[in-house]
Each structure stands twice: as structure tokens, then as C-alpha cells.
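Engineer: Residue numbers (my numbering), protein chains in the order written: chain C, -16 to 267; chain P, 9 to 333.
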Amino acid sequence: MDIYLLEAIINGILLGGVLALLALGLNLIFGVIDVVWIAYADIVMCGMYVIYFLYAEYGVPLPIACLIAIAAMAAFGVVVHLLIIAPVLNSPPINQLLATGGLLFFLQSFATLLFGTDFRNIGVRLPILEIGTIYISFARLIAFGLGLVGAVALYFFLKRTYIGTAIRAIAQDRDIVGLMGVDQRRIYIVTSAIGGALAGLAACLLAMQYDVHPFIGNTFGPVIFMICVLGGLGNMIGGFIAAFIISQIIAIGGYYSNTELSYVLAFTFFIVLMFVRPRGIFAR
Amino acid sequence: MNFVRLSALVGLAILIALPAIIPPYFLHLLIQILIWSFIYTAWALMGRFGFVSFGHGAFMGVGAYVPALLWTYYGLTPWIGIPLGVGLSALLAIIIGYPCFRLKVVGHYFALVTLALSQVVLLSLTAARDITGGSLGFTPRAVGHSWYALQFPEKSYFYAIALLLWLIGLYIWQRLDRGISREALEAISEDEDAAAAVGINVLREKLRVTIISAALTALGGAIYGQYFMYLNPDTVSGIAVSLQIVFAVIAGGVYSLLGPTVGSLLTLSLTEALRVWFGTNFIGAANTIYGILLILCIIFMPQGIVGALRRVPWRRAPPKAVPAE
């Protein structure tokens, strides 16, 4: 096999780890609250700015900066839920989509207003691993590893804790759960916090690989939606697998042509698959 | 009703007389407002029935780029190029719409499929940078004043074209609003299965309104390109344009004839005002305010500005439609 193709495939798998993490967060929120946060990728952008400023401007050590960013995004998730999602919970789904679309507009342009359109890099230089003749970025490897750790931690949280069980129950039947003595509003807030924290974690992983700018959400935001829909909105395992399928298409497509066309390929694949399996690849 | 008709005529007379009075800068602004109003009205044709498309960025992009590219590289007159672009957009609408409506891809799913379409067009335009100039944009070959090339340095020509376009948009909206299709589409947006059960051809109705909406959006994009003589993938296609369309229409009011126009007037005036007052230091200010307004609109007045005004108590309630016997 061509060595560069192999490298592309490995990089695709590594990219898939971060995308899977983001898809998990979005799917969790959709499954539980039944709202699509179209601005999810822009919350990641906010997290990246937090890390950038703490680490590169104020000299806070990177791990602490990351923890602060995760906590800040968790809090931000709660704020978003209380201010924007809660008032439209009973509106038609499309209005909810548009309300978070407003958030997307707001976050992107507010970031432009505050920070300008410069590309900022946190300036962490991680070594490049060399296995045989294949080069693998260490930053991507860490991102992949931490992405998996985050996913597994979320899995155990949902399976083993009381709140996790309540969250899964609400995703199955939101009317009955109330009768079982679960406070839905509290669960929604916890879920939003977890969703925000996952975005914060993804921000840490992405900040090591990419420059921060106000529109970075546009580069991978649509991809995350595509992944969630492919896996079946709300189906976390489906989304997890779909993340790796899409990242492979992007990586291999990028190897044979260029980045834009590989995304065109991925989006076209998505549109076609929607017609073959309108409720996602793993729909029953 | 006479009062409404009279004020419409007076308004139209003022609009026709305007180019003689106002300075070129405001004329330029007005042309933009009219072109965007037309595109917004086209989106509202389907948006009002809850078919929220994020794909109109794609239709506009195709409509704008096809005539410009054909003219620049092959010298093909826009008089043929524009219908080709519009036709291609309509074809795109069929390719996406037919399977979507056939397989009942609705709501979120429809929005996300059309979002993917927007991105496909945006990224294809960017990737074909040898031909389109990529993200740097594309300037069609200019020849000065020419009917053949549909290029007019004097603004008053494009003002007339934009005004005519806008009136056509309103006319089509009105036609749909008063026709039987509207009843059918409203039934479909309530419950597709029930609509099908009473004999409505769901697929045909939805496809027709989607094709009309896409074709008009492409036409708007083409005129936009002819007027500005500069195209950029990010300003005529992609998710950002789709969201801009959706937002302005929601702000103005998706259920009323002049709602999209009010949305366009409001958003473009706001952008210009902020740009003039604050200069380029506050480059994101306008969109920041839009974002907040959009969220507030959705939460407090989902009917839009025009819709909200209509419910003010001192206004007479609009006459109820007489149910057909």
C-alpha cells in the first residue's frame, strides 16, 4: 500500500476521534433536550479563545488553562440553555433551530468584534512521531486519546450514575420520566453543562492543532451535524461510528484531490445517504 | 381595501420617481435592498409553510456564477446565461427536493440536507479556483454600457431592473397566497399524511414551490452578480448566506407579503448605518446585533415584525377567509 495513503488513513482516524467527541456532545443534547444546537461548533470556538488567552496571553499553564476552559464552557452551556433554549422549548423545532442559528451569528460576530479576524496560534509545538517512514502529529494522537477517554467517561457516567440513568430515561420518554419523580429542568441543565464541557474538551484538543479565528466553527460545524444525522440524531454510538466514516472520506479524499473537494465528497455522500437511509445509517 | 390599493400606488409612484431625487449612494443602497428583498421573498415562499431550507445559498451561488462565468470565458450573453443558471438551480432543487419529499425528509433533516447542499456549492466554487478565482472572488469581464452584456454603469438602470424584479417577487407571492396551492401547502405543513389522505398530491405541491423558490433565488443571485460585477463564494453561497436569508425573513415576518422586504430594509440599513457610524473598527457589530435580534425575535415574536404589528389592538383584524362551501 502507498505509504502516503496509509498516513492519510491514520490521520483520518485521529481526526475522527475529535469529531466523535463533538458528535457525542451534540447527540447528547439532541437526545435529551430534543434541540439541535446549530451553534455547537461556535461554542468550541469560544473555548479555543479561552485557552488562547489564558495560555498564550496570561501565561497560565496549559493543563490548568484547559480545565478552566472546560469549566467555562460547561457554565456557558447552562447559560445558553437558560437564556435561549428554555424559552423556546415548546416552540416548533424549526424555531429552536433558528434561535440557535441566532446564537451562531452572535458568537461569530461578537468574536470578530472583540478579537478581530486574525488567526491566533497558542504556540505549542509538539513533536512529530516517526514510525518507519510514517509521520504522525503528536498533537493529533493526544487529541485522539483524550477524545476516546472523554467518550468512555461519558459512557460510564450515563450507565452507572443516577443522573446518567435519568438522562437516558428522559431521552427515551420525556413524558413518563416526569411521573417517575425526575426533575426535567434539572436534567436539562446538567445535560447542557455536559454538552458544554465536551465542547470545551474538544476546544482544548483542537487548539493544539489549529489556529483560532472567529469563523473556525464554520469549517467543522457542518461536518459535525452531518455526522450526527448520519449516525441518527440522538444515537450516540451511531454518531461515534459515523465520525470515523466521515473523517476517512475527508482524509482519503484529501489524499487523492484537495481539501475542499474531499469535503464536497463527504457532503455529497451525506446527501445521498440521507436518501438511502433517511433516519441515519444505524436506524432500525 | 381601497385605501390599501391607493397607498400601494402612491408608494410605487414614489419608488419610481426616487432615482431622480436621491443621491447615488442611497440609490446603491436601495438597489441592494430590492435585490435582497426579492431573494428573501423567494425564500419565504417555502419558508412560510415550515419548509425551512438552508440551501438557498446554493441556489443563489449557482444563479450568480453560471452567467458570469459563461460571459467571461465564452462571451455568452447573460440573456442566455441567466436562464441557464436559473435552470440549473431549478434542476438542483429537483435533485435534492424530489428524494427529500419522496422519502419524507422533513423538519430538521430537510434543513440539514439543504445545509449540506449549500456547503457543496460553496466548497466546489472555492475548489475550482482556476476558473472562479476561489476565495479571492471573481470579476466578470466588464464592457461598459451594454444591453447585450446586461452591464450598466449608471445605477438608474439597475434600479429599474431591481424594482421590476421585486414587484415580480411580490406578485408571485400574492398569486401563491390567493391560489389553491396555498391551502394544499398549509395542509401539508400541518400533517403530510392527512393531506395526502384528502387527495393532495404532496410530492407535486412541495416540489413545485421548491422549484419556484430556487429559480427565483437564482435569478436574484444573477442580477446581484450583474450589478456588483464581483462575486465571492462566501458572499453569494454557503451556510452564511443561507442563514442571512433565513434571519432577515424571520425578523421581517415570514407570513406576510412585505415581511421579507421589511427584513431586508431593516438588516441592510442597520449594516450600513453601523458601518458608517463606527467605521471598520467594529466590523462584527452589525452581525452581533442581528444575532441578538434573531434570538429575541424567535422567542418573543415568531410572527416577525410585520406579523407583530398586525396584532396591535388599534388595527382592524384582517378579514377572515370565507371557507369554501
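Ideal Cβ positions, reconstructed from N, Cα and C, are used throughout, including at glycine.
Within the chosen definition, does the region 12 to 23 of chain P reach the region 240 to 249 of chain C through at least 3 CB pairs nearer than 8 Å?
Structural biologist: Contact fails: fewer than three Cβ-Cβ distances are below 8 Å.
Engineer: Specify the secondary structure class of V107(C) as computed by DSSP and reduced to three states.
Structural biologist: Looking at V107(C) - three-state DSSP - the assignment turns out to be coil, as it is neither helix nor strand.
Engineer: Beta-carbon separation of I21(C) and L80(C) under 7 Å?
Structural biologist: Contact: yes.
Engineer: Could you give the residue range of the alpha helix (DSSP H) that holds S197(P)?
Structural biologist: From DSSP, the alpha helix (DSSP H) with S197(P) extends over I188 to E198.
Engineer: How would you list, in chain order, the residues of chain P whose beta-carbon sits under 7 Å from the beta-carbon of I47(C)?
Structural biologist: Here the premise fails: no neighbours, minimum Cβ distance about 30 Å.
Engineer: Could you list which residues in chain P have their beta carbon closer than 8 Å to that of Y246(C), in chain order?
Structural biologist: Neighbours of Y246(C) on chain P, chain order: Q127 and L131.
Engineer: Run through DSSP, which three-state label would I208(P) get?
Structural biologist: Coil.
Engineer: Identify whether I114(C) lies in helix, strand or coil by the three-state DSSP scheme.
Structural biologist: Correct three-state label for I114(C): strand.
Engineer: Which residues in the same chain have their Cβ closer than 6 Å to the Cβ of T83(C), if we skip the five residues on either side of it in sequence?
Structural biologist: Cβ within range, chain order: W20, I21 and A22.
Engineer: Give a yes or no on whether the C-beta atoms belonging to A230(P) and G93(P) are separated by under 7 Å.
Structural biologist: Yes.
Engineer: In whole angstroms, give me the CA-to-CA distance for F140(C) and I199(C).
Structural biologist: Cα to Cα, the separation comes out at about 30 Å.
Engineer: Any idea if L100(P) is buried or exposed, counting beta-carbon neighbours within 10 angstroms, 16 or more meaning buried?
Structural biologist: Buried: at least 16 other Cβ atoms inside 10 Å.
Engineer: Would you report the Cα separation of L120(P) and I169(P), rounded to the nearest angstrom?
Structural biologist: Their backbone Cα atoms lie some 34 Å apart in a straight line.
Engineer: Does DSSP classify L(-12)(C) as helix, strand or coil?
Structural biologist: Helix.
Engineer: Under 7 Å between C-beta atoms, does V114(P) make it to chain C?
Structural biologist: Not closer than 7 Å to any Cβ of chain C, the Cβ of V114(P) fails to qualify, so no.
Engineer: So which residues on chain C does V60(P) lean against when the C-beta distance must stay under 8 Å?
Structural biologist: The contacting residues are I77, L80 and L81.
Engineer: Can you find the residues in the same chain that come closer than 8 Å, C-beta to C-beta, to D185(P), ignoring five residues on each side of it along the sequence?
Structural biologist: Contacts found: L265.
Engineer: Starting from A205(C), follow the alpha helix (DSSP H) in both directions and report where the run begins and ends.
Structural biologist: In the sequence as displayed, the identity of residue 205(C) is Pro instead of Ala. P205(C) -> alpha helix (DSSP H) spans I199 to G214.
Engineer: Please state whether the Cβ-Cβ distance between G60(C) and G179(C) is less than 7 Å.
Structural biologist: Yes.
Engineer: For V94(P), does the three-state DSSP call read helix, strand or coil?
Structural biologist: Reduced to three states, the DSSP call for V94(P) is helix.
Engineer: Is there a Cβ of chain P sitting closer than 7 Å to that of F250(C), yes or no?
Structural biologist: Yes, F250(C) counts as interfacial toward chain P.
Engineer: Could you work out which residues of chain C lie near N295(P), taking near to mean beta carbons separated by less than 9 Å?
Structural biologist: The contacting residues are F88, F89, Q91, S92, F93, T95 and L96.
Engineer: Three Cβ pairs or more, each shorter than 8 Å: is that satisfied between the region 253 to 262 of chain C and the region 109 to 117 of chain P?
Structural biologist: With the cut-off at 8 Å, the region 253 to 262 of chain C and the region 109 to 117 of chain P touch.
Engineer: If the criterion is Cβ atoms closer than 7 Å, does the pair G(-1)(C) and A226(C) meet it?
Structural biologist: Yes, the pair counts as a contact, with Cβ atoms nearer than the cut-off.
Engineer: Do we get a CB-CB distance below 7 Å when we pair P70(C) with the residues of chain P?
Structural biologist: Answer yes: the Cβ-Cβ gap between P70(C) and chain P drops below 7 Å somewhere.
Engineer: Can you find the residues in the same chain that come closer than 7 Å, C-beta to C-beta, to E333(P), ignoring five residues on each side of it along the sequence?
Structural biologist: Only weak support exists for where E333(P) lies, its pLDDT of 38 falling under 50; the value from the coordinates is given anyway. If we look at E333(P) and ignore the five residues flanking it on each side, it has no Cβ neighbours.
Engineer: Taking the alpha helix (DSSP H) that T144(C) belongs to, which residues open and close that run?
Structural biologist: Looking at the DSSP string, T144(C) is not in any alpha helix (DSSP H), and its letter there is neither H nor E.
Engineer: Taking contact to mean 3 or more Cβ pairs, one atom from each stretch, closer than 8 Å, check whether the region 48 to 68 of chain P and the region 219 to 238 of chain P are in contact.
Structural biologist: They touch, by the three-pair rule.
Engineer: Between the C-alpha atoms of A176(C) and A58(C), what's the straight-line distance to the nearest angstrom?
Structural biologist: Whole-angstrom Cα-Cα distance: 6 Å.
Engineer: Count the other C-beta atoms from every protein chain shown that fall within 10 angstroms of the C-beta of I299(P), then say buried if there are 16 or more, exposed otherwise.
Structural biologist: The amino acid occupying residue 299(P) in the given sequence is Gly; Ile does not appear at that position. Buried is the call here.
Engineer: Give me the residue from L5(C), I(-7)(C) and Y(-13)(C) with the minimum Cα distance to A186(C).
Structural biologist: Out of L5(C), I(-7)(C) and Y(-13)(C), L5(C) has the C-alpha closest to the C-alpha of A186(C).
Engineer: How far does the alpha helix (DSSP H) with N218(C) in it extend, from its first residue to its last?
Structural biologist: First-last for N218(C): undefined, no H or E at that position.
Engineer: Classify F286(P): buried if its beta carbon has 16 or more other beta carbons within 10 angstroms, exposed otherwise.
Structural biologist: When all chains shown are included, F286(P) counts as exposed.
Engineer: For the putative contact between L302(P) and F88(C), defined by C-beta atoms under 8 Å, what is the C-beta separation to the nearest angstrom?
Structural biologist: With a Cβ gap of about 6 Å, L302(P) and F88(C) count as contacting.
Engineer: Is the region 127 to 140 of chain C touching the region 155 to 169 of chain C, taking contact as three or more C-beta pairs under 8 Å?
Structural biologist: The region 127 to 140 of chain C vs the region 155 to 169 of chain C: no contact.
Engineer: In three-state DSSP terms, what is Q167(C)?
Structural biologist: Helix.
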